[in-house]
Every structure is written in structure tokens, then in C-alpha cells.
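Written out below as C-alpha cells is the structure these notes cover.
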Amino acid sequence: MRGMCKKILLNNKGSALAMVIIIITILSTLGMAVMTLGVVNLRISIADQKAKLSFYMAESGLEQAYGIILNEIKEAVIAGNEAVKEAIDQFIEDEIIKLAQEGGSEYVTVNENGNYIVNEDKIKQNLENGYWNSHFKDAYKEYFRNSKSSFISKLEDPNEYINPDFATGGANNKPVVSVEDKAHLDFFPGGADETTLSLCSVYGISGDAIPQRVKMQITIKTPEQIPENYYVNVVKTTLKDNPTWNKTLASFGEIVINDSKETTDGRLVVLGNMYAEDGISLNSVYPQADVSNPVRISGNVITRANVEITPDSKGCQLMINGNVFAKNVLISENTDKNRIEVNGDLYISDDLELNGTRAEVEIDGSFYGFSDGSTKAGHDQSSGIVINALDINEDDGSSLKITGTDEVFINGVSYIDTVAPLYPTGESLSIKGNYRAYSYYLPDSSGYSYSYYPPLTLVSKKKIEGTNDWEEMRIVDNARYFKMICDLPVNHTWLNKGGVNNIILPDITKVYSLGSYINKGEVIERGNVRYTMANAQDRAIIYEDIYNKSLLNDFSEYISINDDINNVAVRDTNSEFVFFSKDKSVYLLGSGFYEEPSISKEIKEVNAPIRGIIVTEKDVYIRGAINFSGLIVAKGNIYIDDSHSKIIKFDKEYVREVVGNMASDDNPFLENESWERQTYEKNYIGVIESASINPYKKYISIDSWQKETN
Numbered sequence: 012m013r014g015m016c017k018k019i020l021l022n023n024k025g026s027a028l029a030m031v032i033i034i035i036t037i038l039s040t041l042g043m044a045v046m047t048l049g050v051v052n053l054r055i056s057i058a059d060q061k062a063k064l065s066f067y068m069a070e071s072g073l074e075q076a077y078g079i080i081l082n083e084i085k086e087a088v089i090a091g092n093e094a095v096k097e098a099i100d101q102f103i104e105d106e107i108i109k110l111a112q113e114g115g116s117e118y119v120t121v122n123e124n125g126n127y128i129v130n131e132d133k134i135k136q137n138l139e140n141g142y143w144n145s146h147f148k149d150a151y152k153e154y155f156r157n158s159k160s161s162f163i164s165k166l167e168d169p170n171e172y173i174n175p176d177f178a179t180g181g182a183n184n185k186p187v188v189s190v191e192d193k194a195h196l197d198f199f200p201g202g203a204d205e206t207t208l209s210l211c212s213v214y215g216i217s218g219d220a221i222p223q224r225v226k227m228q229i230t231i232k233t234p235e236q237i238p239e240n241y242y243v244n245v246v247k248t249t250l251k252d253n254p255t256w257n258k259t260l261a262s263f264g265e266i267v268i269n270d271s272k273e274t275t276d277g278r279l280v281v282l283g284n285m286y287a288e289d290g291i292s293l294n295s296v297y298p299q300a301d302v303s304n305p306v307r308i309s310g311n312v313i314t315r316a317n318v319e320i321t322p323d324s325k326g327c328q329l330m331i332n333g334n335v336f337a338k339n340v341l342i343s344e345n346t347d348k349n350r351i352e353v354n355g356d357l358y359i360s361d362d363l364e365l366n367g368t369r370a371e372v373e374i375d376g377s378f379y380g381f382s383d384g385s386t387k388a389g390h391d392q393s394s395g396i397v398i399n400a401l402d403i404n405e406d407d408g409s410s411l412k413i414t415g416t417d418e419v420f421i422n423g424v425s426y427i428d429t430v431a432p433l434y435p436t437g438e439s440l441s442i443k444g445n446y447r448a449y450s451y452y453l454p455d456s457s458g459y460s461y462s463y464y465p466p467l468t469l470v471s472k473k474k475i476e477g478t479n480d481w482e483e484m485r486i487v488d489n490a491r492y493f494k495m496i497c498d499l500p501v502n503h504t505w506l507n508k509g510g511v512n513n514i515i516l517p518d519i520t521k522v523y524s525l526g527s528y529i530n531k532g533e534v535i536e537r538g539n540v541r542y543t544m545a546n547a548q549d550r551a552i553i554y555e556d557i558y559n560k561s562l563l564n565d566f567s568e569y570i571s572i573n574d575d576i577n578n579v580a581v582r583d584t585n586s587e588f589v590f591f592s593k594d595k596s597v598y599l600l601g602s603g604f605y606e607e608p609s610i611s612k613e614i615k616e617v618n619a620p621i622r623g624i625i626v627t628e629k630d631v632y633i634r635g636a637i638n639f640s641g642l643i644v645a646k647g648n649i650y651i652d653d654s655h656s657k658i659i660k661f662d663k664e665y666v667r668e669v670v671g672n673m674a675s676d677d678n679p680f681l682e683n684e685s686w687e688r689q690t691y692e693k694n695y696i697g698v699i700e701s702a703s704i705n706p707y708k709k710y711i712s713i714d715s716w717q718k719e720t721n
């Protein structure tokens with residue numbers, strides 16, 4: 012073999028190539044060996060660095076400082092999450108107000124009982140899309156800025172550390188950690204998302220040991236997104252459902268709203284149902300009708316009496332996002348530029364009435380005037396639409412619009428105030444002055460007979476076709492007669508058909524009327540919805556039943572205040588007021604308002620948003636700027652005065668919470684076996700942080716470290 016190699020090498024042919032191959036093979040083998048040694052050495056070096064870092068951190072106590080910083084980051088995250096929760100609560104509050112003011116919200120809806128339903132999926136989507144990230148970041152950073160002194164003190168406090176090695180020096184051989192250049196330390200300067208800390212630890216100082224020093228730079232980072240989970244915490248309560256709890260304001264007398272217009276940017280917002288046994292009225296005698304502070308109610312408005320803008324009022328706006336149940340809904344006489352707007356259905360036992368000038372009523376819903384007058388001889392129990400505003404035919408005059416409806420159901424007619432008996436017209440929608448039609452003779456009036464109803468002569472009988480017999484005019488006959496008079500080619504100066512744009516009702520196919528009505532300047536004999544008398548009566552009974560079920564009975568059926576809680580503030584703080592009284596009127600006074608104290612008054616000064624339950628057998632007065640949520644019940648009247656902004660919000664869950672925690676003997680809300688026991692849910696929406704500090708390690712980094720020699 013050796014001879015062969017020698018032969019090959021000595022052979023000139025191919026010897027150079029063979030030599031090159033052998034040399035390359037040897038060099039490659041040596042190179043691979045060197046590279047392998049280099050990689051192994053690098054890995055050993057990196058591992059050694061990590062080992063040294065871990066060793067020095069443990070030895071110097073900087074590992075303990077690292078833990079202190081992690082805990083501080085956790086507290087900052089808690090502060091950020093709390094800010095997000097507050098922002099979500101405020102967002103929902105704003106959406107509830109938007110629902111009241113604009114009639115709709117994609118985040119909050121209200122059911123038939125006045126309960127607010129939050130769209131939790133939409134809130135979660137906003138959260139995931141970073142809608143409240145800035146709230147989180149600002150609170151996170153602000154926490155560090157506000158806690159700078161205590162944070163540094165904690166990092167430098169010897170009591171926060173233990174001896175890393177009990178084998179040497181015992182428990183008292185603790186590292187001494189300090190924050191370098193702390194006087195100039197600025198957390199997240201100029202809106203930056205990072206802050207760097209320089210820490211120095213001196214350790215190993217017991218006995219004859221030589222002190223060691225380690226320095227380290229640590230960067231605290233701001234999370235890019237809200238770090239932890241969205242949650243909906245559901246709390247359930249089971250109670251008998253007292254009917255007063257479905258109201259924001261419940262008066263067994265009147266609710267009187269007095270707008271002084273002292274400020275021109277005021278508003279009253281009632282979020283929830285409003286009940287007043289003896290009526291709800293809005294008043295303003297401010298001389299300038301063009302100044303208006305709207306009253307917005309998001310919920311049902313219920314009364315046995317009237318919903319009314321009172322005589323002499325100017326520039327009032329009553330805007331209701333809910334159903335209305337009332338005897339009459341009216342804008343009274345001697346008024347100017349007043350408006351009632353309802354985004355819901357009207358259930359009326361008597362009339363919808365427009366008086367004064369520039370009176371506007373707009374209903375985006377159905378109209379149910381269910382009384383036909385059969386239960387009482389007179390116009391106060393026959394449902395109709397009465398327009399006494401003579402500018403109903405002028406471009407900028409009064410107007411009535413009913414849109415977005417399933418049905419207009421007018422089961423009565425107007426009456427002429429003659430000496431008994433009262434005279435029923437044929438008009439389900441009447442305009443003042445048009446009663447003259449029943450005194451007007453047709454060109455051929457041989458088929459009609461006229462009688463004297465002091466002080467008027469009015470058509471009273473018609474001849475039965477094909478006979479010489481006569482019969483009394485029925486309402487449908489009067490409706491036909493009125494239509495014939497209006498269609499005569501005669502310019503009746505007294506006839507008012509309203510303007511084309513002043514009276515707007517739905518299509519004739521959606522209208523049931525006992526008599527005639529006017530729509531867009533045209534007199535229509537009757538709506539095309541035709542019920543038999545029996546069917547109309549059945550429907551009227553249904554609507555009347557809906558109306559009656561919305562009403563409350565006597566105060567004593569729902570409330571009983573015993574002597575132990577009479578005139579006792581069960582809860583009384585700047586943010587909460589729970590008070591029950593048999594003999595005191597209650598005054599809620601905003602900043603700057605004063606009421607002379609007396610034994611018959613309970614005065615609560617309100618300078619911030621407040622929750623509460625107020626129940627009294629006397630009156631309640633609400634004055635000044637007020638933001639109240641909860642329940643107010645008065646056996647007497649509720650007065651809402653002046654023009655300062657007020658928000659009065661329904662909070663049934665809060666009421667249940669307070670009542671649920673009261674001793675049964677002290678609970679003024681009665682229970683009735685006929686009332687259902689309800690299980691109610693309260694959703695608390697927000698974000699929550701981890702109980703462990705491990706998830707927060709990604710918000711801290713060690714940028715550099717070095718061991719200093721002595």
C-alpha cells in the first residue's frame with residue numbers, strides 16, 4: 012500500500028491533482044473541528060452569561076427588586092383596568108342619554124318595562140378594537156407618575172429584601188439596593204411608552220467579606236392593548252316585583268315641570284317610566300317663545316289625567332321616547348310655539364288636542380283613541396282629535412303629524428257645547444269653526460230636518476230612503492253630511508281643512524275612524540279600516556285594558572312606612588340618599604339653591620351624581636342641576652323647577668339591591684300574593700387583571716448589567 016502511494020506520488024501523471032485532494036481533505040477536517048469548538052465555546056459563553064446574570068441577580072437582591080417592579084406593574088394595570096371600567100360605565104350612561112335625546116342607540120335599548128338592555132357583544136367588540144386603549148394607557152402611566160416617591164422608597168427599603176444566602180451573614184446580611192439618578196427620573200416623559208430605571212446593589216458586606224456591586228438597567232413598558240379579559244359579572248336577586256319599581260318618578264298626585272328658562276342651555280332628561288295619578292304638566296311663561304329647553308323622557312308616560320303643556324306657556328318642548336297612556340294629551344289655550352313629540356304609541360281615553368298658535372304634535376307610532384262615549388253622555392269620554400289652533404292652515408302654523416304607525420284608531424267624535432243634550436258631530440278629527448257645517452243647508456235639503464240646540468240650529472234627522480219616515484242622525488250620517496258640505500263648490504270662509512303639510516296622517520288603509528277626518532287638506536268621510544260595531548268595541552276593550560293595566564292603584568297598596576324608618580336617612584352620603592317619610596316633603600337642591608329649613612322639610616344638597624330611593628307621603632321638589640338615579644315616589648306632587656340641567660335615571664337594579672339588603676320589618680315596599688316573584692340580573696361590565704404577576708413579565712426588560720470591581 013505504501014509502495015502504491017509512493018508510486019502515485021512519484022508518478023507525474025495526476026500527482027498534482029491527488030495532492031490537492033488530500034490537502035483539501037485535511038484542511039476541511041481541521042476547519043470543521045475548529046468551527047465545532049467555536050460554536051461550543053459560544054454556547055458555553057452565552058450559557059455562562061445567563062448563569063452569571065441569574066447568579067448575580069439572586070446574589071445581589073436585584074431579583075427581589077425585579078419582583079417589586081413586577082408588582083408595581085400589576086398595580087398600574089389594575090389602575091388602567093379601573094379607568095377602562097369607568098370609561099365603559101360612562102359610555103353606557105352617555106348612550107342611555109343618547110337614547111333619550113335621539114330616540115335610538117346601537118348599544119342600549121329599553122324594553123316595555125323601562126329596563127335598559129346593554130348590547131354586551133358591541134361593548135366587547137369596542138374593547139377588542141382598542142376603543143378604550145388610551146384610557147388604559149393614560150391611567151397606567153399616571154399611576155407610576157403619582158407613585159414615584161413610594162415606588163422608589165419601596166425599591167430602596169431594606170425591609171423589602173432578605174439575605175439571598177443565609178449560609179453567610181445570616182438574615183441581616185441584606186443587599187442594599189438604590190435607584191440611581193432618581194432626582195431626574197421621569198416616568199414616560201413626553202408621552203413615551205417606556206421608562207428606564209438604573210438600579211445598583213451592594214451586597215456581601217458582613218464580616219470580612221469584600222462588598223460587591225452590580226448595576227442593572229431595567230425598562231418598564233406600557234402595554235399596547237388592554238392586557239386582560241373582558242368580563243360580564245352577573246348578580247342575581249329574587250324579589251316580589253313592586254309595581255312602583257317600574258317607574259323613575261311615581262307621583263300619586265301631579266308631576267309639575269316648571270321651566271323658568273333662566274339658563275337657555277338647560278335640559279331635563281328622565282330616563283325611565285314616569286307615572287302621575289293626577290296628570291303631568293309642563294309650564295313656561297318666559298316671554299320669548301323661540302327659547303326652548305327640551306324635556307326628554309325615555310320611557311312610558313302614564314296618568315289617569317292629562318299630559319299637558321299648560322295655558323300661557325311659550326316655547327315648551329316635550330319629547331317622549333316611549334308610549335303614552337293618558338286621558339288627554341294637549342297643548343292648552345293661549346300658548347305659542349309649543350311642541351309634543353312622541354316616538355311610541357298613544358293610548359287616549361278622551362282627546363288629543365291642539366290649542367294656541369304654532370302648536371305642534373308629532374307621533375311616530377300608533378294612535379289609539381278607544382272611548383266611543385257610550386259609557387258617559389258627553390265629549391269627555393269620546394276619543395277624538397280636536398284642533399282649536401286656527402293657524403293649522405298656515406305655512407308656519409300649527410301642525411299634526413302621525414307617522415310610522417300600525418293603526419290610527421279613533422273611536423269617538425267631537426261634540427258641540429250646546430245646551431243639553433250635547434250635539435255629537437260626525438268628526439273624529441275636528442277643527443274649530445267647522446261645526447257650522449251642521450247648520451248649513453244643502454242645495455237640496457229636503458231629505459234632512461233641522462232642530463234647535465241652543466244656541467244653534469243643527470241638522471238632526473234624515474228621511475229614510477223610499478219612505479216618508481224620518482230617523483235621528485247617527486254619527487256616520489253626520490260624517491257623510493259634513494263631507495257633502497265640505498265638497499260643495501262654494502268658498503266657505505269659515506271652513507278650515509288645514510294646510511296640505513299641516514295635518515299628515517297615514518294612508519287611509521291604516522285608519523279606523525268612527526267619523527270623518529282631515530288628511531293633507533282633504534276631508535275623508537271615514538277611514539278604510541271598517542270594523543263592525545261589535546269588532547270595533549272588542550278592539551276598544553283591548554286598548555282600554557292595555558291602558559288600565561298601566562295605571563297604579565292607591566299609594567297604600569304599594570307603600571307602608573313604619574315609625575322605625577320614618578324620617579330616617581337609611582343611607583346618606585355625597586353619592587347616595589335613601590330616605591322614607593310619612594310627614595316631610597323632600598327637597599333635592601343642586602349647587603347654589605337654598606330652601607329655608609323647617610320641621611316639615613327634608614333638605615338634601617346635591618353637588619355630584621347621586622343614587623337613591625326617596626319615598627314620602629308628602630311632596631318632592633327637585634331644583635338646580637341634578638344627576639339622580641334610582642326611584643322617587645311621592646303620595647303628593649313632584650315638582651321639577653327652574654331651567655338647570657337635570658338627569659333623572661331609572662335604576663331598578665339599584666332599588667332591588669337596597670331593598671334586598673333591608674330587614675323585612677323596615678322595608679316600606681309591600682308585597683302582594685298576586686305580584687310575581689322575579690329573578691333579576693345586574694350585569695357589571697369591564698376588564699379584570701390576573702392575580703399572578705407572571706403575565707406582566709412581558710412589560711419589563713433587562714437591558715444591561717455589569718458587575719463592578721472594587
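Reminder that position 490 of the sequence shown reads as 501 in our numbering, one-by-one numbering, no gaps. Glycine included, every Cβ here is placed at the ideal spot set by N, Cα and C. Model, not experiment: these values are computed from the prediction.
I'd like to check one pair, residue j with residue i: are the Cβ atoms closer than 7 Å?
i	j	result
tyrosine 449	leucine 469	yes
glutamate 719	arginine 224	yes
leucine 363	isoleucine 396	yes
serine 292	threonine 321	yes
alanine 400	glycine 367	yes
glycine 509	valine 424	no
serine 409	leucine 365	yes
serine 394	asparagine 422	yes
isoleucine 658	valine 280	yes
lysine 521	glutamate 418	yes
leucine 357	isoleucine 514	no
arginine 634	phenylalanine 604	yes
glycine 264	asparagine 648	yes
isoleucine 89	phenylalanine 147	no
asparagine 311	asparagine 294	no
threonine 255	glycine 283	no
threonine 543	asparagine 489	no
asparagine 512	isoleucine 442	no
Our contact map puts residue i next to residue j with C-beta atoms below 8 Å; I'd like the distance itself, whole angstroms only.
i	j	result
isoleucine 229	isoleucine 711	6 Å
threonine 346	phenylalanine 378	That belief does not hold up - the Cβ atoms of threonine 346 and phenylalanine 378 are roughly 22 Å apart, past 8 Å.
leucine 196	lysine 159	7 Å
isoleucine 621	serine 586	6 Å
glutamate 205	isoleucine 231	7 Å
phenylalanine 420	tyrosine 528	With a Cβ gap of about 12 Å, phenylalanine 420 and tyrosine 528 do not count as contacting.
proline 298	lysine 325	7 Å
isoleucine 107	valine 95	In fact, because the Cβ distance is near 19 Å, the residues do not count as touching under 8 Å.
Compare the C-alpha of residue i against each of the options and name the closest.
i	options	result
alanine 316	Leu642, Gly326, Ile266 and Arg350	Ile266
glutamate 483	Arg550, Met495, Ser462 and Pro500	Ser462
serine 145	Asp168, Asp105, Gly202 and Lys165	Gly202
valine 581	Lys595, Ile625, Leu282 and Ser324	Ile625
asparagine 257	Thr504, Glu682 and Glu664	Glu664
proline 454	Ile557, Ile496, Tyr554 and Ser161	Ile496
glycine 458	Asn479, Gly444, Ser602 and Ser640	Asn479
Which residue marks the beginning of the alpha helix (DSSP H) containing residue i, and which one marks its end?
i	result
glutamine 136	131-139
tyrosine 558	544-561
Output the boundary residues of the beta strand (DSSP E) element that contains residue i.
i	result
lysine 272	Unbroken run through lysine 272: none, as it is neither H nor E.
tyrosine 379	378-380
arginine 447	Counting along the chain, arginine 447 falls outside any beta strand (DSSP E), and DSSP gives it neither H nor E.
tyrosine 214	205-214
alanine 370	368-375
valine 119	119-121
aspartate 192	Aspartate 192 -> no beta strand (DSSP E), and no H or E assigned at all.
valine 470	467-474
Using a C-beta cutoff of 7 Å, does residue i count as contacting chain B?
i	result
glycine 437	Among the chains of the structure shown, chain B does not appear; only one protein chain is present.
Could you tell me whether any non-hydrogen atom of the ligand GTP is closer than 6 Å to the CB of residue i?
i	result
tyrosine 127	Ligands are entirely absent from the displayed structure, and the ligand GTP is therefore not among its contents.
message: I'd like the ranges of any beta strand (DSSP E) spanning at least 3 consecutive residues and lying wholly in the stretch 574-608.
response: 579-583, 587-592 and 596-601
- request: Scan the stretch 610-673 and note each continuous alpha helix (DSSP H) run of 4 residues or more that stays entirely inside, going in chain order.
  value: 663-671
- prompt: Can you give, in chain order, each stretch of the alpha helix (DSSP H) that sits fully within the stretch 140-172 and has at least 4 residues?
  reply: 144-157 and 159-167
message: Restricting to runs no shorter than 3 residues, where is the beta strand (DSSP E) found entirely within the stretch 324-362?
response: 328-331, 335-337, 339-342, 347-353 and 357-359
query: For the stretch 386-443, which segments carrying the beta strand (DSSP E) assignment without a break, of at least 3 residues, lie completely within its bounds, in sequence order?
result: 395-398, 410-414, 419-421 and 440-442
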